[in-house]
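Visitor:
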Amino acid sequence: MGRITGITRRSLTAAAAGGLAAAAWPGEAAADERGPGPEFRGMWLATVANRDWPARTGLPAAEQRASLLAFLDTAVERRLNAVVFQVRPTADALWPSPYEPWSEWLTGVQGQDPGWDPLGTAVREAHRRGLELHAWFNPYRIANHADPTRLLPTHPARRHPEWVVPYGGKLYYNPGLPEVRRFVQDAMLHAVARYDIDAVHWDDYFYPYPVAGQVFDDDAAYARHGAGFPDRAAWRRNNIDLLVRETGVRVKRLKRGVRFGISPFAVWRNRATDPLGSDTRAGVQTYDDLYADTRRWVREGWIDYIVPQVYWNIGFAAADYAKLVPWWAELVRGTGVNLYVGEALYKAGDPAQPAPWQDPAELSRHLTLCADHPQVRGNVYFSAKEVAADRNGAMARVVADHYPCRVRPPR
Numbered sequence: 001m002g003r004i005t006g007i008t009r010r011s012l013t014a015a016a017a018g019g020l021a022a023a024a025w026p027g028e029a030a031a032d033e034r035g036p037g038p039e040f041r042g043m044w045l046a047t048v049a050n051r052d053w054p055a056r057t058g059l060p061a062a063e064q065r066a067s068l069l070a071f072l073d074t075a076v077e078r079r080l081n082a083v084v085f086q087v088r089p090t091a092d093a094l095w096p097s098p099y100e101p102w103s104e105w106l107t108g109v110q111g112q113d114p115g116w117d118p119l120g121t122a123v124r125e126a127h128r129r130g131l132e133l134h135a136w137f138n139p140y141r142i143a144n145h146a147d148p149t150r151l152l153p154t155h156p157a158r159r160h161p162e163w164v165v166p167y168g169g170k171l172y173y174n175p176g177l178p179e180v181r182r183f184v185q186d187a188m189l190h191a192v193a194r195y196d197i198d199a200v201h202w203d204d205y206f207y208p209y210p211v212a213g214q215v216f217d218d219d220a221a222y223a224r225h226g227a228g229f230p231d232r233a234a235w236r237r238n239n240i241d242l243l244v245r246e247t248g249v250r251v252k253r254l255k256r257g258v259r260f261g262i263s264p265f266a267v268w269r270n271r272a273t274d275p276l277g278s279d280t281r282a283g284v285q286t287y288d289d290l291y292a293d294t295r296r297w298v299r300e301g302w303i304d305y306i307v308p309q310v311y312w313n314i315g316f317a318a319a320d321y322a323k324l325v326p327w328w329a330e331l332v333r334g335t336g337v338n339l340y341v342g343e344a345l346y347k348a349g350d351p352a353q354p355a356p357w358q359d360p361a362e363l364s365r366h367l368t369l370c371a372d373h374p375q376v377r378g379n380v381y382f383s384a385k386e387v388a389a390d391r392n393g394a395m396a397r398v399v400a401d402h403y404p405c406r407v408r409p410p411r
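The C-terminal residue of the sequence shown carries number 411 in full-length UniProt numbering, and the numbering is unbroken.
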């Protein structure tokens, strides 16, 4: 599709975009059919450990709500059109769920009602502003600690300790158990049924990232369910494949217009491991280390969009942005799966990062490179706090160079 080069303005209506606010975007001119085509411009709004929102636990409901709306307003100001809102960060919920407790990241106390409905408010207020709201779920992470007794006594992980695997100082649901797979799907799909969300979104956490010297203990599950697979790795990949494929089917069965997207670590496999892999030397490969066959999900059409987290600069030796984007563009060709590129805005201006990230133009160069690949249909920025603060002006540079007006997201 290419990036926007003209200055013709186009507004968004519910009839054109489905489910969004009926009024045109605030401040936008009337629709003009000569305007630029659809493009996804999103930002992740992370809630785990109060990364972006709320700023800390225990804030009054009115203050939490005002802060959430301020992030939505920031998205509009930056001419974005989607917010990916983390609503199930650690086997909990940012809405009244019959499956899981209220998130501790709201009040500081797991299971405590915050006195309002963050997801319901986010959906309503995002649509009012002409933004899509993608509900971001983490399927298997239970807690960022390894002590089950710190969970509510009524927590599903306490009621079903056989579902839980401690690993790397955290707690996870075991992906190898069919009953776990069904439960996490039910918990997530409750939000789909209850709210007018635009998409179900997952990040890069499937089986956990490897921790040196530790073993993910799924021996019993493998003994019970692993027959017929050549090895444990193939069985684990099948477990994640089943979760992806089944969730995609169930989402469409529940609400056909709701999309399903995943944002994986950007290296499926290195070319030295597999001739089909990317020209990279990454220390993690999703196929081998997270048991996530992201390439297959795209080729099989199990998902509607994919957002590889290409969190490296142009020219980075081990994983060059300029080599990964063409690899993903070629992968999605002819599949019908939309490709959006995840951008490491959090690195821009961080003094701990290498020199390219100190240049405010680095991210803008990313979008210029993406424009050479028509399969790239947008970009997503990690994360909302940096979109608002814009430490070195990199986001403002992206807006100035590539976002002269707002456009609708692809469908």
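Idealized CB from N, CA, C, for every residue including glycine.
Hey, which unbroken runs of the alpha helix (DSSP H) at 4 residues or more fall wholly within the segment 126–209?
Guide: Listed in chain order, the complete alpha helix (DSSP H) runs (minimum 4 residues) inside the segment 126–209 are 156–159 and 178–194.
Visitor: Go to residue 248, then tell me how far its alpha helix (DSSP H) extends in each direction, as first and last residue.
Guide: Within the sequence shown, the letter at position 248 stands for residue 248. 232–254 is the span of the alpha helix (DSSP H), which, as asked, contains residue 248.
Visitor: Would you decide whether residue 147 is buried or exposed? Buried here means 16 or more other CB atoms lie within 10 Å of its CB.
Guide: Here residue 147 is taken as the residue at index 147 of the sequence shown, counted from 1. Under this definition residue 147 is an exposed residue.
Visitor: Near residue 260, which residues of its chain fall below 7 Å by C-beta distance, leaving aside the five closest residues on each side in sequence?
Guide: To locate residue 260, count along the sequence shown from 1; it is residue 260. Same-chain partners within the cutoff: 199, 200, 247, 248, 251, 303 and 304.
Visitor: How about the segment 207–219 and the segment 161–169: do they share at least three Cβ pairs that are nearer than 8 Å?
Guide: Enough Cβ pairs lie closer than 8 Å, so yes.
Visitor: If you draw a straight line from the C-alpha of residue 498 to the C-alpha of residue 243, how long is it?
Guide: A question about residue 498 goes unanswered here, because the residues of the chain that appear run from 1 up to 411.
Visitor: Comparing alpha-carbon positions, which option in 71, 91 and 93 lies nearest residue 83?
Guide: Here residue 83 refers to the residue found at position 83 when the sequence shown is read from its first residue. Checked all of 71, 91 and 93; the closest Cα to residue 83 is 71.
Visitor: Around the Cβ of residue 211, are there at least 16 other Cβ atoms within 10 angstroms (buried) or fewer (exposed)?
Guide: Working through the sequence shown from its first residue, we reach residue 211 at position 211. Classification for residue 211: exposed.
Visitor: Tell whether a beta-carbon distance below 7 Å holds between residue 342 and residue 392.
Guide: Taking the sequence shown and counting its residues from 1, the one referred to as residue 342 is at position 342. Taking the sequence shown and counting its residues from 1, the one referred to as residue 392 is at position 392. It is not a contact, given that the beta carbons lie outside the stated cut-off.
Visitor: Are residue 89 and residue 48 touching if we call contact CB-CB under 7 Å?
Guide: Reading the sequence shown from its first residue, position 89 is the one you call residue 89. Reading the sequence shown from its first residue, position 48 is the one you call residue 48. Against a cut-off of 7 Å, the Cβ pair of residue 48 and residue 89 comes out as a contact.
Visitor: Straight-line CA distance for residue 65 to residue 114?
Guide: Along the sequence shown, one-based indexing puts residue 65 at 65. Along the sequence shown, one-based indexing puts residue 114 at 114. Residue 65 and residue 114: Cα-Cα distance of roughly 11 Å.
Visitor: Out of 187, 159 and 42, point me to the one whose CA is closest to residue 77's CA.
Guide: Within the sequence shown, numbered from 1, the residue matching residue 77 stands at position 77. Out of 187, 159 and 42, 42 has the C-alpha closest to the C-alpha of residue 77.
Visitor: Less than 7 Å between the beta carbons of residue 324 and residue 337, yes or no?
Guide: As a first step, residue 324 must be located in the sequence shown, where it is residue number 324. As a first step, residue 337 must be located in the sequence shown, where it is residue number 337. Contact: no.
Visitor: If I measure Cβ to Cβ from residue 92 and keep anything under 6 Å in the same chain, skipping five residues before and after, which residues do I get?
Guide: What you label residue 92 is simply residue 92 of the sequence shown in a count that begins at 1. Answer for residue 92: 100, 101 and 103, listed in chain order.
Visitor: Please state whether DSSP places residue 112 in a helix, a strand or coil.
Guide: If you number the sequence shown from 1, residue 112 lands on position 112. It is coil, neither helix nor strand.
Visitor: Report yes or no: do three or more beta-carbon pairs, one from the segment 324–334 and one from the segment 366–382, lie closer than 8 Å?
Guide: Yes, they touch.
Visitor: When the distance is taken between beta carbons, is residue 172 closer than 7 Å to residue 208?
Guide: The residue labelled residue 208 in the question sits at position 208 within the sequence shown. The residue labelled residue 172 in the question sits at position 172 within the sequence shown. Yes, these two residues count as a Cβ contact at 7 Å.
Visitor: Please report the distance separating the alpha-carbon of residue 185 from that of residue 378.
Guide: In the sequence shown, the residue the question calls residue 185 occupies position 185. In the sequence shown, the residue the question calls residue 378 occupies position 378. So the alpha carbons of these two residues sit roughly 28 Å apart.
Visitor: Return the residue from the list 380, 340, 334 and 316 that minimises the CA-CA distance to residue 355.
Guide: Position 355 of the sequence shown, counted from the first residue, corresponds to residue 355. Ranking the options by Cα distance to residue 355, first place goes to 316.
Visitor: Using the three-state DSSP reduction, which class does residue 120 fall into: helix, strand or coil?
Guide: As a working mapping, residue 120 is identified with position 120 in the sequence shown. Of the three classes helix, strand and coil, the one that applies to residue 120 here is helix, per DSSP.
Visitor: Would you list the one or two residues that DSSP bridges to residue 431?
Guide: Here the chain comprises residues numbered 1 to 411, so residue 431 is not present and cannot be evaluated.
Visitor: State the start and end residues of the unbroken alpha helix (DSSP H) segment that holds residue 259.
Guide: Within the sequence shown, the letter at position 259 stands for residue 259. No alpha helix (DSSP H) holds residue 259; the beta strand (DSSP E) holding it covers 259–262.
Visitor: Check whether the segment 272–279 and the segment 227–246 are in contact - that is, three or more C-beta pairs closer than 8 Å.
Guide: The segment 272–279, when compared against the segment 227–246, does not touch it at the 8 Å Cβ threshold.
Visitor: Per the DSSP calculation, residue 43 is bridged to which residue(s)?
Guide: As a first step, residue 43 is located in the sequence shown; it is residue number 43 there, counting from the start. Beta-bridge pairing links residue 43 to 83 and 381.
Visitor: Over the uninterrupted alpha helix (DSSP H) stretch that includes residue 322, give me the two end residues.
Guide: On the sequence shown, residue 322 is found 322 positions in, with the first residue counted as 1. Here the alpha helix (DSSP H) through residue 322 covers 321–332.
Visitor: With distance defined between alpha-carbon atoms, name the residue in 194, 179 and 187 nearest to residue 239.
Guide: Position 239 of the sequence shown, counting from 1, holds the residue named residue 239. Comparing Cα positions, the closest option is 179.
Visitor: What did DSSP end up calling residue 265 once you bin it into helix, strand or coil?
Guide: Translated into the one-based positions of the sequence shown, residue 265 becomes position 265. Looking at residue 265 - three-state DSSP - the assignment turns out to be strand.
Visitor: Could you pull the DSSP bridge partners for residue 93 from this structure?
Guide: Looking up residue 93 in the sequence shown gives position 93. Answer is 102.
Visitor: Are the CB atoms of residue 237 and residue 288 nearer to each other than 7 Å?
Guide: Counting from one through the sequence shown, the residue named residue 237 turns up at place 237. Counting from one through the sequence shown, the residue named residue 288 turns up at place 288. Cβ distance not < 7 Å, so residue 237 and residue 288 don't count as in contact.
Visitor: Is residue 313 helix, strand or coil by DSSP?
Guide: As a position in the sequence shown, residue 313 is number 313, starting the count at 1. Correct three-state label for residue 313: coil.
Visitor: In chain order, what residues of the same chain lie with their CB nearer than 8 Å to the CB of residue 221, ignoring the 5 residues before and after it?
Guide: Numbered from 1 along the sequence shown, position 221 holds the residue referred to as residue 221. Cβ neighbours of residue 221 beyond the five flanking positions: 174, 176 and 177.
Visitor: Could you say which of 143, 386 and 283 lies nearest to residue 363 if we only look at CA atoms?
Guide: The residue you call residue 363 lines up with position 363 of the sequence shown. Selected option, being the one with the closest Cα: 386.
Visitor: When we look at the beta-carbon of residue 45 and count the other beta-carbons within 10 Å, is it buried (16 or more) or exposed?
Guide: Walking along the sequence shown from the start, residue 45 turns up at place 45. Buried, by the Cβ-count rule.
Visitor: For residue 254, which residues from the same chain have a beta carbon less than 8 Å from its beta carbon, with the 5 sequence-adjacent residues on both sides left out?
Guide: Working through the sequence shown from its first residue, we reach residue 254 at position 254. Once the five neighbours on either side are set aside, the close Cβ partners of residue 254 are 189, 192 and 193.
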